[in-house]
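Before any comments, here is the structure.
There are 2 protein chains.
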Amino acid sequence: MTAPETSTRRPTRQQVAVAEALDEHGDFTSAQDLHAVLRSQGNSVGLATVYRALQAMAADGEVDVLRTAEGEAVYRRCSSSHHHHLVCRNCGRTVEVEGPAVEKWATRVSAEHGFRDVTHQMEIFGVCMKCPTDD
Amino acid sequence: MTAPETSTRRPTRQQVAVAEALDEHGDFTSAQDLHAVLRSQGNSVGLATVYRALQAMAADGEVDVLRTAEGEAVYRRCSSSHHHHLVCRNCGRTVEVEGPAVEKWATRVSAEHGFRDVTHQMEIFGVCMKCPTDD
DNA sequence: GTCATTGCAAACGCTTTGCATCTGT
DNA sequence: ACAGATGCAAAGCGTTTGCAATGAC
Numbered sequence: 019m020t021a022p023e024t025s026t027r028r029p030t031r032q033q034v035a036v037a038e039a040l041d042e043h044g045d046f047t048s049a050q051d052l053h054a055v056l057r058s059q060g061n062s063v064g065l066a067t068v069y070r071a072l073q074a075m076a077a078d079g080e081v082d083v084l085r086t087a088e089g090e091a092v093y094r095r096c097s098s099s100h101h102h103h104l105v106c107r108n109c110g111r112t113v114e115v116e117g118p119a120v121e122k123w124a125t126r127v128s129a130e131h132g133f134r135d136v137t138h139q140m141e142i143f144g145v146c147m148k149c150p151t152d153d
Numbered sequence: 019m020t021a022p023e024t025s026t027r028r029p030t031r032q033q034v035a036v037a038e039a040l041d042e043h044g045d046f047t048s049a050q051d052l053h054a055v056l057r058s059q060g061n062s063v064g065l066a067t068v069y070r071a072l073q074a075m076a077a078d079g080e081v082d083v084l085r086t087a088e089g090e091a092v093y094r095r096c097s098s099s100h101h102h103h104l105v106c107r108n109c110g111r112t113v114e115v116e117g118p119a120v121e122k123w124a125t126r127v128s129a130e131h132g133f134r135d136v137t138h139q140m141e142i143f144g145v146c147m148k149c150p151t152d153d
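Protein chains in written order, with this note's numbering: chain A, 19 to 153; chain B, 19 to 153.
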């Protein structure tokens, strides 16, 4: 057992707001995007607070974090349906794909190396069929 | 074939230096790291020039680019041996792993969606066996 | 009342860019 | 000589942090 329930501290309105905004979005979002959404909802929260709330949630293992190609950090609720992205590097089209094979492989190599409490991220970049062969 | 040979422009000493340093490193490196290496080799190249050279190579499709969890961009020669990383989020230890299963899965889903010329990135985060159960 | 959290703004690290200089052809 | 590449330093962007004010318990 890895005692994961340290999450019993989200007392403030702001942290609840961030958590719920993230929840509603459902997929990966950036801190700045969440900040803008909250502000437009009238539920104004400082940008720094959004970052801090997201960090706290990440530390608690409540959210996954990864970086976009542009260097922006994006966050997603852990319990969200887990899928990967297939991105066309020409037109930007994105397809969400699921991969039991990948999940299993990740679990296996983690176990082989004695790692526990693992998450993973994977993205595939290519050129989709609607884009011309000659760029 | 996708006519990839647009790479006929690397006339200057600095661009050659960056390309070779990247070549010698063989795995993902950051621009700043390359800059430090070049400087220590006496082959001083401006940091901005390193960035520009890497951008040019990426535009030509000669290198793959991705972002570390800390937001740093890392570059790798396309032809390099391809493996993934298993990262301990507690002590930072990194294990390089190879995964035929993942490669095949990536190829398959890409094909299923009509994508071509694909690359992928994957990283697994967990806690390694040398780190205490209770953080 | 006490202590953690907020918010603002300044600091920070990585990357990009403007501009004068230099290099290769 | 000219076009493009270089280097420096400043700007840019997302993120983090210091500190006084605020809010929760």
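Just so you know, even glycine gets a beta-carbon here, dropped at the ideal spot from N, CA and C.
Check                                                                                                                      : Outcome
Own chain partners of C149 (chain A) with C-beta closer than 8 Å, once the 5 adjacent residues on each side are dropped    : C106, N108 and C109
Exposed unless 16 or more other CB atoms sit within 10 angstroms - verdict on R31 (chain A)                                : exposed
Outcome for E66 (chain B) when other beta-carbon atoms lying within 10 angstroms are tallied against a minimum of 16       : Reading off the sequence, residue 66 (chain B) comes out as Ala, not Glu. Exposed: under 16 other Cβ atoms inside 10 Å.
8 Å Cβ cutoff, G144 (chain A) in contact with chain B                                                                      : yes
Rounded straight-line distance, which links the Cα of A91 (chain B) to that of A87 (chain A)                               : 8 Å
Distance CB(L40 (chain B))-CB(V127 (chain A)) smaller than 8 Å                                                             : no
Test: A87 (chain B) CB closer than 8 Å to a CB of chain A                                                                  : yes
Residues from the region 115 to 134 of chain A in contact with chain B, defined by Cβ distance under 7 Å                   : V115, G117, A119, V120, W123, A124, V127, S128, H131, G132, F133 and R134
Beta-carbon proximity check, F133 (chain B) vs C96 (chain A), cutoff 8 Å                                                   : no
Cβ neighbour criterion (16 or more within 10 Å) applied to T112 (chain A)                                                  : exposed
Straight-line gap, D152 (chain A) to H131 (chain A) (C-alpha atoms, nearest Å)                                             : A caution first: D152 (chain A) carries a pLDDT of 48, below 50, which makes its placement in the model too unreliable to give a value.
C-alpha distance - G79 (chain A) paired with Q73 (chain A), whole-angstrom precision                                       : 10 Å
Any chain A beta carbon closer than 8 Å to A74 (chain B)                                                                   : no
Close-in-space but distant-in-sequence residues of the same chain around T125 (chain B) (CB under 8 Å, 5 per side omitted) : V136
Closest residue to V115 (chain A) among A:D51, A:A35 and A:H101 (Cα-Cα distance)                                           : A:H101
Run of the alpha helix (DSSP H) containing V68 (chain A), from where it starts to where it stops                           : L65 to A77
Where H101 (chain A) falls: helix, strand or coil (DSSP)                                                                   : coil
Check whether G117 (chain A) and W123 (chain B) have beta carbons under 8 Å apart                                          : yes
Reference A76 (chain B), options B:V120, B:A129 and B:A37, closest by Cα                                                   : B:A37
Boundaries (first-last residue) of the beta strand (DSSP E) holding R5 (chain B)                                           : Residue 5 (chain B) falls outside the range modelled here, since chain B spans only 19 to 153, and no answer is possible.
Where C149 (chain A) falls: helix, strand or coil (DSSP)                                                                   : coil
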